[in-house]
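J.: Quick one: this structure, given as structure tokens, is what I'll be asking you about.
Residue numbers (the working numbering): 19 to 1109.
Written out as structure tokens, the structure is:
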């Protein structure tokens, strides 16, 4: 079993279970001694790159000293600020691991930066050297270009002449082509006419052919076999014999015998002669004789068919052949004319072809000349292009060399600087590592104390010395201006403390845990990571599923508003207890795949949480509590935005612009070096690259000029804004005094959000003045008194004067109206001890205070005057109110603060009255009147998300004031919109249901005695926050609780107290205050009527 000795857990469990002590052997593990720390660090640093054996011992001693020093300083930190900061062996091991990682990253970063710069310088050097070579190359190219141009010009003249000749010939050919076209058109016309006439003869020809189709060898043979055919048959054969007389010599014998011996001698030949008969060239004699036969009445195929079918076919053939010939004879002149036209067309076409061949020869010659000219022109253009390219390259080279002259010098110095950084990298990383590992939870004062007064002196005395830059700022080692500018654009405050915290959060190796009571860190984190951030809370429904998904996908998870105790199920994640060689992590009973990109951010809004050493060992605590300087700047922006909105908008825009400029300048220089590094060979030949480089350089120069101008403008704006800094400074001072009140009583918790609301309300309600000076005085008075009233109404009577005195004294100290040594004396009273009072009216302690005063020049000889004028001083101190009377002798001329310090020593029992008199006379009497603030005024400051919290005192019931105001505003039990729940005895469920209903319907809810339900209070905090997000505008919550008897028993959640308007109801102290309270119960009208 393992127990942590921190806190009450071990003591309580040992008391409840004695066997833990009686039946076990207790091994109490103390802190590692210095020797063990040195030995462990030497072992783990042996393989660290860049660490020589000589440096190993010094590095180990420094790490061990840092660990032990932070441990010692943490005790002082707790004593002064009551914050628990623990260092454990795991913290030390994480420091070593972080050092090894940063050393490796730093060596790689320095090498990459150096290589890029050297590469860039080499490219610029090459560009400078190539300038002379480019000049010679350009001169040579210009000579060749002139030759090419001359040749091209000669070819232009020849091509021109040939072109003219070809053009003349083309004109002739065009004329001939026109003639041929005309002739061709006439031929086509005549041809169409002939074809039309021939189509008329086509039916006769077809009929003749059809008649022949009726003939065949058999029927012709039958016809031939006739011995004495009919006369009509003989007449048909005689006609055929006439038509077969192609020469015009008609046969005299046209008898049947002659027919059989002549044409019909061979039937096959006869049929062939009929088919192949030359019908176009019938002799006129033969035609004339045949026509005479045809005119015979019986020369009709139908008549002849009755006597012989073969003879009928021959009869039909004769008739149709003669018809065809008649048509053909009509077409013959036209055909002759067509032939003549075709001949003319042929001759014209031949002439045209001859001319075209001539043109082709000329065009071929011209084409050859043109090709030569084209080749010469292309050669000329190529040469011209090369010359232009060289000229442009030369021009760009000159511009690049001259334009990047400043970069040449700057990059050269940066290379030397990087070399020197390489020499001091071991010490530089050592400082950065100790800063990241141990500074996170310390306040600004303790960070300065640790680095300046503890670590640096030890580092300088180490032998052998560790090489390190003198008084190195850790931020200079880790971030640059562009990074800070980006963070500021993401709503990170601009003060040094916030930038340090953001740096630690970015580079820490353990999961960061941001202590963020003012919620500034969580606002920056959400803005920085954007929509990709997984935001959840412990206890939220489904929060484990969200974490599981993030573990798998490698997302960043923000768990906000955690308390002092973490859910044990998250221990493997917080401790990075991976399994299976880092591939999985156990979450409950599940083994979840672990993505190396997963990141966990923890956040708490507790102002001073006490996290156990085991949690602090696994996380890096970062104190994001707002600093006074940071808050002052934020409040200055608020007051200027109210008083001079134009000025604040200009400032805001200018700041954002300045941040953008820093980011752009960094990205432009990185782009320049990246492009130079990526270019191969002669990069000057890549004009687009060089022009891009030049454009980037011009943009960078323009931005630098704008930055210079913006700085001037910013200086002017800041000068104008500084007028209102006194108001912001006063408010910031008051807030930190308020914030420290929790050290007196944990019920005194105040949020920055509520404070800002009061601050803005005070500005808005300040009366307008005629001039700026009076306006500032009015603002100071209203802001101070509003903050005073907001705070004082939630304090017990015994603490009100403490707060008032602290606030007034701090204001006067800030205004340099009182010296710090007098204020220190008044508050601490460092009386000299072991002294004997020489007068009977002063105690030894009072005389010790006088002895402390006389050491100051202002109070020299005070002790002598008291002794020498003892009766006068005794009489003065025995007065009823000596603080209001004149001091004896020349001491009456002392300042009020000096008189107050004397009263502190001489009359300590009158200090309450003295302080009130001092405040009334040096500041304002309204701060010590002790008048109660009307409840209705407090109500006006409330809202659905700002409840009213009554801190109860014995015998006081604030419910009557709430009921009375509710009746005036229409909220009462009778109307069902006023709910009063006295907690305890299982009323928690009733309270939750009532709150939910009231938030929806706009009711009032009074929760009395919430201190009786300690376990339910965290749930109440969540419900108040949850219901207020979308509540009805009339929804209000009034909470009452008794304060705990001591801080260790305090149970009211900080979130409830911070957001609420706190009101105490103690009776005022003093007769005057009681009279004021009694009179405040009557209105001015009532008092007037009584008088």
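We put the CB at the ideal spot given by N, CA and C, even for glycine.
Kindly confirm or deny that the stretch 1041-1051 and the stretch 954-966 touch, where touching means at least three C-beta pairs closer than 8 angstroms.
T.: Output reads yes: the stretch 954-966 touches the stretch 1041-1051.
J.: State the CB to CB distance for the pair residue 106 and residue 456, rounded to an integer number of angstroms; the pair is presumed to be in contact (CB under 8 angstroms).
T.: Actually they are not in contact, since the Cβ atoms of residue 106 and residue 456 sit about 12 angstroms apart, beyond 8 angstroms.
J.: Are there 16 or more other CB atoms within 10 angstroms of the CB of residue 121, so buried, or fewer, so exposed?
T.: It is buried - the Cβ of residue 121 has at least 16 other Cβ atoms within 10 Å.
J.: If you pair each beta-carbon of the stretch 515-535 with each one of the stretch 604-622, do three or more pairs fall below 8 angstroms?
T.: In short, these stretches touch, since the Cβ pair count reaches three.
J.: Over the uninterrupted alpha helix (DSSP H) stretch that includes residue 1026, give me the two end residues.
T.: It is not in any alpha helix (DSSP H) - residue 1026 instead sits in the beta strand (DSSP E) that spans 1022-1026.
J.: Would you mind giving the Cβ-Cβ distance between residue 642 and residue 539, rounded to the nearest angstrom? I have them listed as a contact below 8 angstroms.
T.: Confirmed, about 4 angstroms.
J.: In whole angstroms, give me the CA-to-CA distance for residue 556 and residue 565.
T.: The straight-line gap from Cα to Cα measures roughly 11 angstroms.
J.: Determine the DSSP secondary structure at residue 820, reduced to helix, strand or coil.
T.: Residue 820: helix per DSSP, three-state reduction.
J.: Let me know the secondary structure DSSP gives residue 294 once reduced to three states.
T.: Residue state, collapsed to three classes: coil.
J.: Can you give me the Cβ contacts of residue 259 inside the same chain, cut-off strictly under 8 angstroms, excluding the 5 residues immediately before and after it?
T.: These residues qualify, in order along the chain: 269, 272, 276, 277, 280, 281.
J.: Go to residue 502, then tell me how far its alpha helix (DSSP H) extends in each direction, as first and last residue.
T.: Residue 502 -> alpha helix (DSSP H) spans 499-507.
J.: Say whether the stretch 95-115 touches the stretch 631-642, bearing in mind that this needs 3 or more beta-carbon pairs closer than 8 angstroms, one atom from each stretch.
T.: Enough Cβ pairs lie closer than 8 angstroms, so yes.
J.: To the nearest whole angstrom, what separates the beta carbons of residue 235 and residue 285, a pair I think is in contact under 8 angstroms?
T.: Right, their Cβ atoms sit about 5 angstroms apart.
J.: Hey, how far is the Cα of residue 169 from the Cα of residue 400?
T.: Rounded to the nearest angstrom, the two C-alpha atoms are 14 angstroms apart.
J.: Using the beta-carbon count (16 or more within 10 Å), is residue 1018 buried or exposed?
T.: Classification of residue 1018: exposed, given that the 10 Å Cβ count is below 16.
J.: Provide the residue(s) that pair with residue 602 in DSSP beta bridges, ordered along the chain.
T.: In DSSP, residue 602 forms a bridge with 597, 611.
J.: Please list, in chain order, all residues of the same chain as residue 808 whose beta carbon is under 7 angstroms from its beta carbon, the five residues on each side excluded.
T.: The answer, listed in chain order, is 776.
J.: Can you tell which of 449, 586, 562, 1041 has the C-alpha that lies nearest to the C-alpha of residue 78?
T.: Nearest C-alpha to residue 78: 449.
J.: To the nearest angstrom, report how far apart residue 583 and residue 589 are at their CA atoms.
T.: Residue 583 and residue 589: Cα-Cα distance of roughly 11 angstroms.
J.: Looking at the strands, I want to know which residues DSSP matches up with residue 530.
T.: According to DSSP, which records beta bridges pairwise, residue 530 is partnered with 638.
J.: Exposed or buried, residue 245, counting other C-beta atoms within 10 Å across all chains shown (16 or more means buried)?
T.: Residue 245 is exposed by the Cβ-count criterion.
J.: Give the straight-line distance between the Cα atoms of residue 856 and residue 863, rounded to the nearest whole angstrom.
T.: So the two alpha carbons sit approximately 12 angstroms from each other.
J.: Where does residue 486 sit, in a helix, a strand or coil, going by DSSP?
T.: Three-state result, residue 486: coil.
J.: Exposed or buried, which one is residue 93 when buried takes at least 16 other CB atoms within 10 Å?
T.: Under this definition residue 93 is an exposed residue.
J.: For residue 1059, which beta-bridge partners are listed by DSSP?
T.: BP columns for residue 1059 point to 969.
J.: Where residue 480 and residue 123 are concerned, what is the direct C-alpha to C-alpha distance, given to the nearest angstrom?
T.: Between residue 480 and residue 123, the C-alpha separation is close to 25 angstroms.
J.: Taking residue 89 as the reference, which of 126, 49, 799, 116 has the closest Cα?
T.: Of the listed residues, the one whose Cα sits closest to residue 89 is 49.
J.: Work out the CA separation of residue 22 and residue 1069 for me, nearest whole Å.
T.: Computed Cα separation, rounded: 23 angstroms.
J.: May I have a chain-ordered list of the beta strand (DSSP E) segments no shorter than 3 residues that lie completely inside the stretch 251-337?
T.: Within the stretch 251-337, no complete beta strand (DSSP E) run reaches 3 residues.
J.: Three-state secondary structure (DSSP) at residue 1068?
T.: In this structure, residue 1068 counts as coil in the three-state DSSP scheme.
J.: Label residue 200 either buried or exposed according to how many other C-beta atoms from any shown protein chain fall within 10 Å of its C-beta, with 16 as the threshold for buried.
T.: With fewer than 16 other Cβ atoms within 10 Å, it is exposed.
J.: By the three-class DSSP mapping on this structure, what secondary structure does residue 998 have?
T.: Residue 998: strand per DSSP, three-state reduction.
J.: Anyone know if the C-beta pair for residue 551 and residue 576 falls short of 8 angstroms?
T.: Yes, the pair counts as a contact, with Cβ atoms nearer than the cut-off.
J.: When you compare only the Cα positions, how much space is there between residue 323 and residue 250?
T.: Using only the alpha carbons, I get a separation of about 10 angstroms.
J.: Any C-beta of chain C sitting closer than 8 angstroms to the C-beta of residue 967?
T.: Among the protein chains of the structure shown there is no chain C, as only one such chain exists.
J.: By DSSP, does residue 617 sit in helix, in strand, or in coil?
T.: Looking at residue 617 - three-state DSSP - the assignment turns out to be strand.
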